[in-house]
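Everything on this sheet refers to the single structure shown next.
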Amino acid sequence: MSNAPTRSHGRKAIRPTLQPRELMTPTPELHGVWQARIITLFPQAFPGVLGESLTGKALQDGLWQLHTTDLRRFGVGKHRNVDDTPAGGGAGMVLRPDVLGAAIEATMQGTGGNWPLIYLSPRGRPMDQALMQSLARCDGVTLLCGRFEGVDERVLEHYGIQEVSLGDFVMTGGEIAAQALIDATVRLLPGVLGNQASTEEESFSSGLLEHPQYTRPAEWKGREIPEVLMSGHHGKVAEWRRQMSEEITKARRPDLWEKHVATRDD
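In case it helps, full-length UniProt numbering puts the sequence shown at residues 1 to 266.
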């Protein structure tokens, strides 16, 4: 059994190898390119929406790479079992540590530098813009997508895995959360959006929610674009946008507003 990730997406490159790499994965690794490596029971779920729009174009252009490892390949026994009943009893099944350990070690081969290992879990730290900015500065990230009742705790302890949550709710697996995390991170990589100002002015970058946006036509169903936005006065436009961001944040996310006020006062 090969230890290489099962599927790879992105621009092709030539790299010396003792094995016929093109028979193992459709796209070899690109040196120095930010990578997302996914351990999942459903590799066919990727790239999914990540293969569309700006993230998809960036993937094809080689600005980032995506590799998937099929967890089932590391299963034990005739049926390649990956889970077992929870110790102490209870409902559901738990992913086995021996299966996960083998998959993690195979997936992490060749990684170096700043390369976090993350488990998508409802008990993890909430995803936020600060996390995505941090991950965008890494060399890559490996994401473990859980299923069933979760993973054996010893795996998290042994490999020092970080737990990250999409929100305060439970999903059937970590694949959707993994795609959300990758999308939010990839768009911050150099060259992906093509306009650095877009990432600097959007929601959360200043600690505030984004101001309202408008475009043509100037009047629609009796509603007009705010006059200040049509004035051509950049200073007044910036002031209006800042005021709107503050009002929206204060009304919709008092937690963010309190944090913003504390930071501003400091």
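Cβ coordinates follow ideal geometry from the N, Cα and C atoms, glycine included. Here the structure is a predicted model, which is why all the values come from computation and not from measurement.
Quiz item: Got a sec? Which residues, its chain only, sit under 6 Å from ASP139 by beta carbon, not counting five neighbours each side?
Solution: As a first step, residue 139 is located in the sequence shown; it is residue number 139 there, counting from the start. If we look at ASP139 and ignore the five residues flanking it on each side, its Cβ neighbours are GLY113, ASN114 and TRP115.
Self-check item: Three-way DSSP call (helix, strand, coil) for ARG252 in this model
Solution: As a working note, residue 252 is residue 252 in the sequence shown. In this structure, ARG252 counts as helix in the three-state DSSP scheme.
Practice problem: Please list, in chain order, all residues of the same chain as GLY75 whose beta carbon is under 8 Å from its beta carbon, the five residues on each side excluded. | Solution: As a first step, residue 75 is located in the sequence shown; it is residue number 75 there, counting from the start. Result list for GLY75: ASN81, VAL82 and VAL99, in chain order.
Practice problem: Could you tell me which residues DSSP pairs with ASN81 in its beta bridges? | Solution: On the sequence shown, residue 81 is found 81 positions in, with the first residue counted as 1. ASN81 pairs with VAL76.
Self-check item: Completely contained alpha helix (DSSP H) runs for the region 152-236, where each covers 4 or more residues
Solution: Runs found: 153-159, 175-186 and 196-201.
Quiz item: Looking at TRP240 and THR249, is the spacing between their C-beta atoms short of 8 Å?
Solution: Position 249 of the sequence shown, counted from the start, is the residue given in the question as residue 249. Position 240 of the sequence shown, counted from the start, is the residue given in the question as residue 240. No. Outside cutoff.
Exercise. Measure the C-alpha to C-alpha separation of PRO47 and HIS233 and round it to an integer number of angstroms.
Key: One-based indexing of the sequence shown puts residue 47 at position 47. One-based indexing of the sequence shown puts residue 233 at position 233. So the two alpha carbons sit approximately 43 Å from each other.
Quiz prompt | Same chain, Cβ closer than 6 Å to ALA218, five either side skipped, listed in chain order | solution = Along the sequence shown, one-based indexing puts residue 218 at 218. Counting only Cβ-Cβ distances below 6 Å, and skipping sequence neighbours, we find ILE225.
Quiz item: If we call anything under 8 Å between Cβ atoms a contact, is VAL141 one with GLY101?
Solution: On the sequence shown, residue 141 is found 141 positions in, with the first residue counted as 1. On the sequence shown, residue 101 is found 101 positions in, with the first residue counted as 1. No. Outside cutoff.
Quiz item: Which same chain residues, not among the five before or five after GLN179, have their C-beta less than 7 Å away from its C-beta?
Solution: For this step, residue 179 is matched to residue 179 along the sequence shown. Same-chain partners within the cutoff: GLY48, VAL49 and LEU50.
Self-check item: Residue nearest to LEU131 in terms of C-alpha spacing, selected from LEU71, SER165 and LEU208
Solution: The count along the sequence shown starts at 1 and reaches residue 131 at position 131. Considering only alpha carbons, the answer is SER165.
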